[in-house]
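Colleague: Protein chains in written order, with the working numbering: chain A, 1 to 178; chain B, 1 to 668; chain C, 1 to 99.
Even for Gly, the Cβ is constructed at its ideal location relative to N, Cα and C.
All of these numbers come straight from a predicted model, not from anything done at the bench.
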Amino acid sequence: MKEVAFFAGAIGALGGAIAVIALRNAFYSVLALIVHLISLAGLFLLLQGEFIAAAQIVVYAGAVMVLYVFVAAYVGNVDEPLWEPIPGQRFIAPLLGIALFVELAIAITGSSLQAIDTGGPTVELGFGSPSAIGKLLLERFLIAFEAASLLLLVAAVGAVVLAGRHRTGDADAPQETA
Amino acid sequence: MSATAYGWLVLAFPLAGTLIVSLGWRRLPGRSAGWIGTGMIGLSFLASIGALVQILGDPVDARQHTSSLYDYASAGGLNIQLNVLVDPLSVYMCLVVSGVSALIHLYSISYMTSDRGFNRFFAYLNFFVFSMLLLVLAGNLVLLIVGWAFVGFASYALISFWYRRTTATKAGMKAFVINVVGDVGMVLAAFFIFRELGTFDLLSIFSQAPDSFDTNQGAVIAICLLLLVGAIAKSAQVPLHTWLPDAMEGPTPVSALIHAATMVTAGVYLIARFHPLFEIGLTAADVAALLGLATLLIAATIALVVTDLKRIIAYSTMSQIGYMVMGVSIGAYSAGLFHLMTHAFFKALLFMAAGSIIGAMANRQNIDRMGGFLRAMPFTSAMLLIGALALAAFPVTSGWFSKDEILDFASFRGGFYEIFAIGGYIGALLTAFYAFRIGFRVVFGEPVEEARELEQGHIHHAEPENPATGEEEDTDVGFPGPSHQIAEREWPMKIAMSILAFGALVGGFLQIPGVDDVVHRFLHGSFEDSTLYEEGPSTGAAYRGLTIGAGLSIIGIAVAYYCYMRAPGITARLTERFRWLHDFLERKWYFDEAIDLLFVRPSLALGGWANSVFERYVVQGLVVGVTDFVRGASAGVRGAQSGYLRSYALLLVTGFAGLGLYFLLQSS
Amino acid sequence: MDITWYLVLSALLFAVGVSGVLLRRSPLVILLCLELMLNAGNLALLAFSRSLGNQDGQVFALIVMVIAACEVVVGLGIIVAAYRRRIPLNVDDLRSLRG
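1) Could you confirm whether any beta carbon from chain B is found closer than 7 Å to the beta carbon of Ala22/A?
2) Pull up the DSSP beta-bridge partners for Glu465/B, would you.
3) Which of the residues in the region 629–646 of chain B, read from start to end, lie with their CB under 9 Å from any CB of chain C?
4) Report, in whole angstroms, the separation of the C-beta atoms of Ile108/A and Val8/C, which I expect to be a contact under 8 Å.
5) If we cut at 7 Å on Cβ distances, does Phe91/A have a partner in chain C?
6) Rounded C-beta distance between Ser530/B and Glu279/B? I'm assuming under 8 Å.
7) Rounding to the nearest angstrom, what Cα-Cα distance links Phe663/B and Leu12/C in this structure?
8) Is Trp609/B buried or exposed, if buried means 16 or more other CB atoms sit within 10 Å of its CB?
9) From the DSSP output, which residues share a beta bridge with Ala75/B?
10) Under 7 Å between the Cβ atoms of Ala209/B and Pro251/B?
11) Tell me, to the nearest whole angstrom, how far the beta carbon of Cys224/B is from that of Gly139/B; I am working on the premise that it is less than 8 Å.
12) Tell me which residues share the same chain as Gly99/B and place their Cβ nearer than 6 Å to its Cβ, disregarding the 5 neighbours each side in the sequence.
13) Where does Ala3/B land, buried or exposed, given buried means 16+ other C-beta within 10 angstroms?
14) DSSP state of Ala149/B, grouped into three classes?
15) Can you check whether the CB of Ala294/B is closer than 7 Å to the CB of Val238/B?
16) Flag Glu3/A as yes if its beta-carbon sits less than 7 Å from any beta-carbon of chain B, otherwise no.
17) Which one of Phe436/B, Leu290/B, Phe416/B has the shortest CA to CA distance from Ile321/B?
18) Give a yes or no on whether 7 Å exceeds the smallest Cβ distance from Ser96/C to chain A.
19) Alpha carbon to alpha carbon, how far is Leu33/A from Leu32/C? Give it in angstroms, no decimals.
20) Specify the secondary structure class of Asp183/B as computed by DSSP and reduced to three states.
21) Is it true that the CB of Val18/C sits closer than 7 Å to the CB of Gly97/A?
22) Runs of 3 residues minimum, wholly inside the region 492–518 of chain B: which ones carry the beta strand (DSSP E) assignment?
23) Nearest-angstrom Cα distance between Arg86/C and Val64/A?
24) Which residues in the same chain as Leu196/A place their Cβ atom closer than 8 Å to its Cβ, once the five residues preceding and following it in sequence are excluded?
25) What residues from chain C crowd round Pro121/A, counting only those whose CB sits closer than 7 Å?
26) Residues in the region 48–66 of chain A with C-beta within 8 Å of chain C's C-beta atoms, listed in sequence order?
27) Looking only at C-alpha atoms, which of Ala421/B, Ile358/B, Ala390/B sits nearest to Leu296/B?
28) If you reduce the DSSP assignment to three classes, tell me which class Tyr70/B lands in.
29) For Leu659/B, count neighbouring C-beta atoms within 10 Å of its own C-beta (all shown protein chains included) and say buried if the count is 16 or more, exposed if not.
30) Name the chain A residues whose beta carbon is nearer than 8 Å to that of Ile78/C?
31) Mind checking Lys588/B: buried by the 16 CB within 10 Å criterion, or exposed?
32) Please list, in chain order, all residues of the same chain as Leu46/A whose beta carbon is under 8 Å from its beta carbon, the five residues on each side excluded.
33) Just to confirm, is the Cβ distance from Ser131/B to Phe161/B under 7 Å?
34) Please report how far the alpha carbon of Val35/A lies from the alpha carbon of Ser49/C, in whole angstroms.
35) Suppose you measure from the CA of Ser667/B to the CA of Glu80/A; what does that come to, to the nearest Å?
36) Between the region 72–86 of chain B and the region 213–227 of chain B, do at least 3 Cβ pairs fall closer than 8 Å?
This is how it looks when you write it as structure tokens:
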């Protein structure tokens, strides 16, 4: 049963990823990424990360991707010319990707870590639950937690500054028919 | 004061004169630089007399004194000091040099009076006298070479004194380059001497030489020949003589001092000083004598045909020095040095008189345009004739005694050395002829336009021009001054010339055979270790020689009288008849052309090749090659900074993949 | 399932993300591929956390998500600002920082 779930999630994630890089239309890529994220949430569930799975869907696929959707709609599609100015990039990039994967795969499968050969130790019931994560966040990782929130604040302010309207030399977005 | 203290004073005065005039040249008023210079040399002469008196007070075999100022270099077997050697030979030379120099300084005060470079002239002239005295008084070979080099520089500076004249600067360079050839010989000789004997000190060299060398051993011959190269270059003997006629581009006092009386005699002094070595390396001494003989004859023949007054006198200098070199090489030391002294007198006198004539001619020097100055310039004409008589070795003049003493010694040695006597007599005949070629031409005959103007009381004026090429000049700094001085009107010139004339007439009486031998006895203190000094011809043989010499002199003068006074056209007809010979002699036996072909052209070609091939391909190639390589490499590296985000990302990932590969391989 | 599977999957997803960054020219899509890589990392973190029985990995993944969100916010802000100023949205045209 677990295997089926795993493979379903894996295929979904992989397919979404490949769709992101392959589709010409940026909007479709965004949608593909949403599919990928949801599949990933499923995989997280398999790994006993319930809270994380939920956060993935609510925050990532929910909020962050909506941001992407808005911007993709605002900006529209960027016409990527067929001709590649950097010589060889088209061929080297996938090759490098493959090379990277092969290396990592070798590293993983040849690794002497024993625990990864198994499904992991038996964990208690509350493993990965919101209460457990919350406890960790507020006790052991308090500083990280606070720093992360500070970072969020800074990012929000930065975004407002960057996309602010009242600047000189600023032209409004072209009309829809452009 | 001791003799060596006087020796230091002899050096100090001209040095002080140089420094005062050269440092204060802007502020010295009027002609004071001239008087300072003359005064300093005069004091140097007095110091030489002081040294003379001191030396005469010593016993005959202990007259060589040295004194060291400080250790110049003392390391690893090398011990060079700043020392002077005061002995009869050097005192004799000092007297001649400082005496004649003082008189020439006096003459120059008048001669150079309107020249813009007056102060510079006296600075150089004093420096020259200092260098010559340093050369003569040097106690070790290093200091001698220093003096040698300084003298060469002073000669260059004074030849190119009128530096805006291209002919003068070229002549200066020619003189300097040929002198450097001689310097190379001297320095190599010094190295050789050090290697063989381990010392540079003159007295040590001379005391060690007989023990360290066998007769005619290769090493000593090599040393002597190298010294000879230096002597030949400095004394303008064949084949390194080509600079002397060109050196007449300098002002007449310079010609008188440097190129007649003093610098060119440095070679003679060198051979005389190094006589212990030359007496061991007999072959080298013979070579020297042969070169002297060759120069004597060649120069005399050229003097028969050239038409520039100063150049005739220059060739006569070359010829007379040939006599001196010949003399000291065959062992007639006192005779050769005596001729050095008398020659200094009459040659300086001749040049001074020539300077006066050239002044009257408004700086023209062509003898064919001169004539009949007897009535216009009686004093100068008398001086000129006295000088010519002494040069021609007319009986009773000093030249007669000194020149014939050399030739007597050559006959005395006999055998192979007879050719020197014969050649010397032939040369004497030629000398008498060309000496009176000048005499009759310039003094007697119909007065030329300049002479007639002078009789009326004013000196001929002409546009300033280069006497050799006729180019126009002005009279500003770097060219001769506007006014021309003649001896009749300038008392410094008169005094200087009179004293020299007295010496030229009377100086011979110091060495009358059978009566006295002042010079010979005096110089004995320096030649104690010589095997040849004590010997000499008998009085009878000496008088025989003097008679022959007198006869030749009179014959030569008579022939000149005939050619120039009685039958004036005869020289022109002879020139036409023997045009090829005339041209050969006038082109100075084509020595200049030969040297140009053998040395100058190949050097220039080598330089051109070096510039176009070696410099361009090897040197530039290396240097530019390095920069091109660096530039190319950096351009190649710069290509990675394309500005494309994706290529940067590619590089990043590549690096990461590489790193991962490395760690994988490492851990396996 | 063994943890190894999850790790291999994570490696694969990461490789896909890398290829995407190198291949695509629209800055928006490049950001999307960056998200892919970050998520692959998250997956690996959770896998390790499960294999060790330790929840620190999950907290780490949470913080990574926060950071990803911040980065997206700023990145999209830049894209919008560039679009407003008529700057071409093609990373190959943005190459004035060249050597």
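Modeller: Taking the structure as given:
1) no
2) Glu472/B
3) Val637, Arg638, Gly639, Ala640, Gln641, Ser642, Gly643, Tyr644, Leu645, Arg646
4) 6 Å
5) no
6) 6 Å
7) 19 Å
8) exposed
9) Leu78/B
10) no
11) Between Gly139/B and Cys224/B the Cβ distance is about 20 Å, and since that is not below 8 Å, they are no contact.
12) Phe45
13) buried
14) helix
15) yes
16) no
17) Leu290/B
18) no
19) 7 Å
20) helix
21) yes
22) none
23) 25 Å
24) Outside the shown range of chain A (1 to 178) lies residue 196/A, about which nothing can therefore be said.
25) Gly53
26) Gln48, Gly49, Phe51, Ile52, Ala55, Gln56, Val59, Tyr60, Ala63, Val64
27) Ala421/B
28) strand
29) exposed
30) Leu162
31) buried
32) Lys2, Ala5, Phe6, Gly9
33) no
34) 24 Å
35) 43 Å
36) no
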